[in-house]
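Residue numbers (numbering that gives the first Met the number 0), protein chains in the order written: chain Y, 0 to 804; chain Z, 0 to 452. Backbone N, C-alpha and C define an ideal beta-carbon position, used for all residues, glycine too. Values in this document were obtained by computation on a predicted structure and should not be read as measured data. Right, one structure below, let's go through it.
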Amino acid sequence: MSVTKPLPHDAAPLHVAGTARYVDDIPTPKGTLHLAFGISPIAKGKVTAMDLSAVKSADGVVSVMTAEDLPFSNDVSPSIHDEPLLSDGTVNYIGQPVFLVIATSHLAARKAARLGKIDYAEEDAILTIEDALAANSRFEEGPRIYAKGDADAAIAGAAHVIEGEFELGGQEHFYLEGQAALAVPNEGADMLVHSSTQHPTEIQHKVADALGVPMHAVRVETRRMGGGFGGKESQGNALAVACAIAARATGKACKMRYDRDDDMIITGKRHAFRIAYRAGFDAHGHIKGVSFLHHAICGWAQDLSLPVADRAMLHSDNAYLLPNARIESHRLKTNTQSATAYRGFGGPQGMVGIERVMDHAAHTLGLDPVELRRRNYYEPAHAPVMEQTEPTRKPMGHVDPTEDLTSLGAVEQVTTPPPVRPVPEGGNTTPYGMEVTDFELHGMTDKLLETSDYVARKAAIDKWNAENPVIKKGIAFSPVKFGISFTLTHLNQAGALVHVYQDGSVHLNHGGTEMGQGLFQKVAQVAASRFGIPLEMVKITATDTAKVPNTSATAASSGSDLNGMAVKAACDTIRDRMADYLAEQHQSEAANVTFSDGHVEVGEERYTFAEAAALTYQGRVSLSATGFYKTPKIEWDRIKGRGRPFFYFAYGASITEVAVDTLTGENRILRTDILHDAGASLNPALDIGQVEGAYVQGAGWLTTEELVWDDKGNLRTHAPSTYKIPACSDRPDVFNVDLWGGENREDTIYRSKAVGEPPFMLGISAWLAMSNAVAACGEGYPALDAPATAEEVWNGVQRMRRGGG
Amino acid sequence: MKITFLLNGETVELSGINPTATLLDWLREERGLTGTKEGCNEGDCGACTVMVTDEGGAKALNACILFLPQLHGKAVRTVEGASSPEGEAHPVQQAMVDYHGSQCGFCTPGFVMSMVAGHANGATDHDTQLAGNLCRCTGYAPIIRAAQAAEAHPVPVWVKDKPDTSAAASPMLPGSSDELADVYAAHPDATLVAGATDVGLWVTKQLRELDPVIFLNRCDDLKEISVTDDRVRFGAMVDMNRMGEAMADLHPSYAEMIRRYASVQVRHAATVGGNIANGSPIGDNPPALIALGATLHLRKGNDRRDVPLEEFFIDYGKQDRAQAEFVEAVSFARQVDRLKVYKLSKRFDQDISAVCGCFNITVTDGNVTDARIAFGGMAGTPKRAAAVEAALVGKPWTHDTVLAALPAFDSDFTPMTDMRASANYRQETAKAMLERYYFEDQGQVTNVLEVSA
C-alpha cells in the first residue's frame, strides 16, 4: 500500500532540475505588463496632495492607479473589510500601498513607484503597546478572557508564587519565493489568476468583488508556492487583486511580484506578544493556578488577528492540567504591518507563556524542569486505540507512588516519591473545557529522556559549567500539545475531484495547496492506496477553483487531514461503482471485489486496474467523482471560550543543548533530540522533513530572528542582510529526530496526524536551553526575552551577575 | 559594450548591453531560463546561484548581483545545465531527491548549483560551502546528508567547462593596472566595479543608473598575492576566498573571520580592494588590516602613493582617494602571528558584523611591548583603539592590566544603536573582546564554535 511509504516529494525531480514552475516562471502572453505599489513613507496620516506626474511620465509606465480609479470594491481584507487595496486617503503604516504603477517591465514599475510626490498630514503613530493602551487602540471592544476555576484565589493560596513579564518578538515568514500573482484576462468578463497563495478561494472571492463579477467569472490556479508558512494565507490578496484590476483596465496580462525588501515592508508577520504571568505551585511543584495577560501587537488591520490571539489563549495550557487558569488577551491596533498567520497561528506564543512559567517555577522550586513538567502533565490517554504500540500506563492521578522513576530514565534521584496530584473537579480538561483524551506525552517523555541520555548529559553539563568560566552550556526539555482543527468551525471541510480514465490513470485534484509540505504526495498516496495501484498512475494537478470550489485555506496543519479524507471519499465512490459493475458482470457481490497490487479481482477473474477501468467505462458507468469531508465532533464558542475546538491533539517533545559565550552572548545549538507524534504517518520521510524544518524555524524565531522598527515605525530589518533566519550551520550539530509510532486515537486519514505546525514549537526548547546556560552565570532567574539574540543572552548574563533577574 | 561567454556549454555573444544588467534578469527575462530564482536580489539568499568557471576554476556566484560584463571570457552554468545534455542527473541532484533535500523547491536550484560547484572542487566542508544558501523549509539537515552522499561520485564531464578567453574585451574591461589607470583617467567620473557585491545593490535596491562603469575583474596583475620574508601584499582584486586561503597559515584567526565573511558566493566576487575602497565602517577587512599595520597602495595614472590604511578612512563616507585614483594593493609586514579577529553578529555565518574587534598585541617577557587594536562597527570609520593601546603598552600582560585598560574604550569609541546592536552592547562587547583575547592567550576555552555536545 502506498501510504506509510517514505517516498520523496512528488516534485523533487523538478525542484532539483529547476523545472518546477512558480508563478514568476510561467510563460506570459505577449505584452504582459508588470506592477509595483507606491507605498506610504509615514506610519500614520492623511494624504493632502498627490502629484503622480513623474510616475506617469517615467520610462515604460503604461498607467497609474489610485483608489479613485478602482471600479468596485477597494478591499483586500480577509476578515472585516478594513484593508483597502490602495489607500483611501489615510495611511496606517510605513509600507501601505497608496498607488499602483502599471509598466512594461518589473524594473520600470519599481523605478516609477519611487517617483510619487505625495504630501501627508502626519499624525502621531501608535507603535508600541503603551501607545495602543493609552489610546485604547484595539480590535474588539475589550479583552477576551477565558477562565477555568478561580486562578487568583488558587495562586493566593499557593506555597510558591512566581511572576514575571517578557517580550516575545514577531517573525518574518521569509518564504524564499516572494509574493507573486499573474492575471490573464479571458473572454468576456472572465479572469484567470495564477497566485502564490495558500487560499485560492479567498483570492477568487476578493478578485470577483474587485472586478464586480460573480465568483464563477474568476478562476484561480495555484500549482505550488515557494514556501508559505501562513504568510500566503491572506497576504497575496493585494497582488492578485491589483493584477486583476490592471488586467481588466488594460486588456493585458498583468504580473506582480514584490521585491524582497518590499515584501518584508508591506506584508504582515507573526504577532509579537508581551506576556505577563503569575502562577502558584504547591511544595511538590503541582500548579495550583495560573494567570496570563497577553498583549498582542496586531498591526493596522484586523486580518486574522482575532483567531490568532484566540489560539494563543487556547495553547496557554500546553501539556499541563491547570486546575485554575485565567487568560486575558488584548488585541492591539498599531501603525505597523498587519500581523497575520504564521505557522502555529498564535499557538506558539501561548505555549511559550506556559513553558516560561514552568521554567521559572522549576528554577524557583529547585526541581528538575522535566520532572516539574511531568508532574503537571494531563492524564494519560484512555480512549481505546486500534493498534496501540505503547501500553497506556498509569491511572488517573498519574504519578504512581510505587513506581521507580529512576529506572524509567527519570531525571533525578527521587528519594521520596511526590504525592499523587489530585485531578481537579473538572476532570482532565483544558481551560476552555475540552476533555483531553489522547494525551501521549508520558510515554513520549520517558522514551526521549532515555534516547537522548538526558540524565548523564545534564550531569556532564553541570561539570562543564563548574570548570569553564567563559563558555557555559545549557540543556532544556519542552513538550508540545497542539490542537488540530480550524477554530472557525465551518472551515473544517474539504472537497476533492477524482477522475479515472479508461487507461486506468487517475487525475487527482483537491482544495489543498502545495507549499513544500508534501501534501500532494501524501494525498496521491491515499488515492493510490484506495485503488490499489502504483503511485505513478496518479497525476497530481494544480489547485484550481474551477475543479474544487469553496475551499478553505491550506492552513492550521489541516491539509492532509481534510483533503486526504475528501480524496478518499471520492476514490471510494468510484471504487464502489467499479466494484458494483464488475460484481454484477460476474454474478458476485461488490464486497468481494478487491483492489490491490494494480489489479482488481472479482471472483475468479483478475483484471489489471486499467482493464477494470476500461470495462467499467464500456459499461457506461461514471469514473469521475467528487469527495467531501467535514471534521466531526467539533463545536466552539469563541466568545465564551467553551467547547471542543479541536478534533484531536498532536504531540511532540524535544531536548536541546546549547553553548553560550558569556563575554558576548554569542550562542549556538549543539544537539537536539526530538520525538514527534505524527500518528500513523502517511509518509515518514515527509513528516520527518516537516519536523526538522519546523524545529529550526521555531528555534530561529526565538534566537536570531529579530524584527526591529525605529521610532518612526520604519521596519529596519527588511532584507536578509539584516533579518537573520537560521543558516546551514545554525542547525544543531547533532540532530536526532524520530517519530512516535502511535496512531491517531481519532478516525483520521489512515490514523495519521497533522504535522505542519506542531513541531514548530519544539524550538521552544532552544530558548529554554539558553536560559538554562545563562542561569549558570549566577543566582536568580535569567528572565530572557525572545528572541534570545546574542545581545539578549548577554543582557541575561549581566542580569545574573548583578544578582538575578 | 560587447561580450562573449559560454552558457551551459554554448557560446553567447552579446552587444549593446546595459553594463549593469544582471545575469539573473538576463537569464530569466531574455533567455527564459527560469530555473535560477530571485530570492532577495541582494546576494544574501543564494537562490540565484550559478557556477562560473574561469582561469581560477569553478566558482559558485550569485547571479542577482553579477553584471553581464563581468562574465566576458568565462563560462556560466545554470541549474538547467547541471544535468547532462541527455538528461542524466548530476549526482548532487539525485542525492537531493533521494535524501529529501527539497521541500518547497524554490531555494533548491541555488543549493544544487552551490553543491555542483563544491563537488567540482572536491569540497567537503558543506556548512561553509552552503552558508550562502538559505532554506526556510528543511532545516538543512537533509541537504547536508545529500551533499555528503554525493561526495563519493566522480565529477560529471559535462560540468567541466573550458572558457574561451580569446575574444577581445571592451576598453571598459581593462586587462591590467596600466590599462585601468588609462581608462579611469579618461573617465574619471566612472564607477569602478570590482566584484559588484556592493555596487550590485546600488543597482538592484537603490535602482541607480550607473554610467560609465569600468570593470576591474580582468586586471590579472591586481589579483597577485605576494608573500616574501618581510612583506605580505594583496592586489586590490584578490577575492576573499583566495585571501582566506593565503591568510590560513599567516594569520589563522583572520582566515577564520573570512570563512564567516559573507558566503562562498559573495567571497568569490568580493575583493579586498573593494572592501577597503567603499569606505564602509562595517567592512571586516579594514580593522584587521589596520591591526596588522597595513599600508594602502593607491594609483592615479602613473602616480603611486602609499598611506597607512587607518589614514585612508577620513570620516563616514569620506576616504583619502582623489578622483580617478584607485586602490592597487594593500600590504603589511611579515610578523609573528599575534592577531585575533573577533566578528560579532546576530548569526555566525553570512552576517554583517555588529562589532569586529581586531587585536594584535605583542608580549615580550611578560610585558606588553606593542599593541595595535582596531574595530569595525564602533565608529563612522574603521578605527584604532588608541587609548586602549596606550593603556596596555608597557604594562605586565595580566588580567588586571586588561581590566584597567577597559575604561579606555570609553574614550576611544562612542558607538551607535541600530538594528544590529545597541550602543551599550557594542561598547561592552568591545571591552569583552579584549578580555577574550587575554583568556584565549592563557589557553582557556573561549570559542563557542569550538564547543560540542
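**Q.** Length at least 3, wholly inside the stretch 606–693 of chain Y: the beta strand (DSSP E) runs in chain order
**A.** 623–629, 634–636, 641–643, 647–660, 666–675
Q) Going by other Cβ atoms of all chains shown within 10 Å of its Cβ, with 16 needed for buried, is Z/P472 buried or exposed? A) What the structure shows of chain Z is the stretch from 0 to 452, and residue 472 of chain Z is not part of that stretch, so it cannot be assessed.
Q. Which word fits Y/I265, buried or exposed, when buried means at least 16 other C-beta atoms lie within 10 angstroms of its C-beta?
A. buried
Q) Which two residues bound the contiguous alpha helix (DSSP H) that contains Z/W359? A) Going by the sequence as given, residue 359 of chain Z is Asn instead of Trp. No alpha helix (DSSP H) contains Z/N359, which is instead part of the beta strand (DSSP E) from 354–363.
Q | Selection of the stretch 13–26 of chain Z by Cβ proximity to chain Y, strictly under 8 Å | A | D24
Q | Short-range partners of chain Y found in the stretch 24–50 of chain Z, where Cβ spacing is below 9 Å | A | D24, R27, E28, G31, L32, T33, G34, T35, K36, E37, G38, C39, N40, E41, G42, D43, C44, A46
Q: Check the DSSP bridge columns for Y/C253 and list the partner residues they point to.
A: Y/L32, Y/A182
Q) So, helix, strand or coil for Y/A785, using DSSP? A) strand
**Q.** Proximity of Y/L496 and Y/V547 at Cβ, strictly below 8 Å
**A.** yes
Q. Which class does Y/K546 belong to by DSSP, given the choice of helix, strand or coil?
A. coil
Q: Would you verify that the beta carbon of Z/Y424 is, or is not, closer than 8 Å to some beta carbon of chain Y?
A: yes
Q: Using three-state DSSP, classify Z/Y436 as helix, strand or coil.
A: helix
**Q.** Outcome for Z/Q349 when other beta-carbon atoms lying within 10 angstroms are tallied against a minimum of 16
**A.** buried
Q: With DSSP collapsed to three states, give me the class of Y/T363.
A: helix
Q: Name, going along the chain, the residues of the stretch 492–521 of chain Y whose beta-carbon falls closer than 8 Å to a beta-carbon of chain Z.
A: M514, G515, Q516, G517
Q. Residues of chain Z with a CB under 8 Å from the CB of Y/N863: which are they?
A. Summary: the structure shown does not reach residue 863 of chain Y, with chain Y confined to residues 0 through 804, and so no result is reported for it.
Q | Y/Q336 beta carbon less than 8 Å from that of Y/S1 | A | no
Q) Using a C-beta cutoff of 8 Å, does Y/M224 count as contacting chain Z? A) yes
Q) Hey, how far is the Cα of Z/D126 from the Cα of Y/V695? A) 15 Å
Q | Near-chain Y residues of the stretch 204–220 of chain Z (beta-carbon distance less than 7 Å), N- to C-terminal order | A | K204, L206
Q | Spatial distance of Y/G779 from Y/E705 (CA atoms) | A | 26 Å
Q: Could you confirm whether any beta carbon from chain Y is found closer than 8 Å to the beta carbon of Z/H186?
A: no
Q. Roughly how many angstroms lie between the CA atoms of Y/E665 and Y/P184, to the nearest whole one?
A. 53 Å
Q) Is Z/I351 close to chain Y, meaning its C-beta is less than 8 Å from at least one C-beta of that chain? A) yes
Q) Is the beta carbon of Y/P96 less than 8 Å from the beta carbon of Y/L85? A) yes
Q: Measure the alpha-carbon distance for Y/S720 versus Y/P322 and round it to whole angstroms.
A: 47 Å
**Q.** Cut-off 7 Å between Cβ atoms - residues of its own chain near Y/A545, not counting five sequence neighbours on either side
**A.** R218
Q) Any C-beta of chain Y sitting closer than 8 Å to the C-beta of Z/A403? A) no
Q) Per DSSP, what kind of secondary structure is Y/L13 in: helix, strand or coil? A) helix
Q) Nearest-angstrom Cα distance between Y/T747 and Y/M564? A) 8 Å
Q) What does Y/K110 touch in chain Z if you count any residue whose Cβ is under 7 Å from its own? A) L206
Q. Of the residues Y/A324, Y/C242, Y/H14, which one's Cα is nearest the Cα of Y/A152?
A. Y/A324
Q. For Y/D437, is the classification buried or exposed, using 16 other Cβ atoms within 10 angstroms of its Cβ as the cut-off for buried?
A. buried
Q. From this set, Z/C134, Z/R30, Z/G138, which residue's C-alpha is nearest Z/C39's C-alpha?
A. Z/C134
Q) Under a three-way DSSP split, which group does Z/I2 fall into? A) strand
Q. Among Y/A589, Y/F734, Y/A609, Y/D58, which has the Cα closest to the Cα of Y/A655?
A. Per the sequence presented here, residue 655 of chain Y reads as Thr, with Ala not at that position. Checked all of Y/A589, Y/F734, Y/A609, Y/D58; the closest Cα to Y/T655 is Y/F734.
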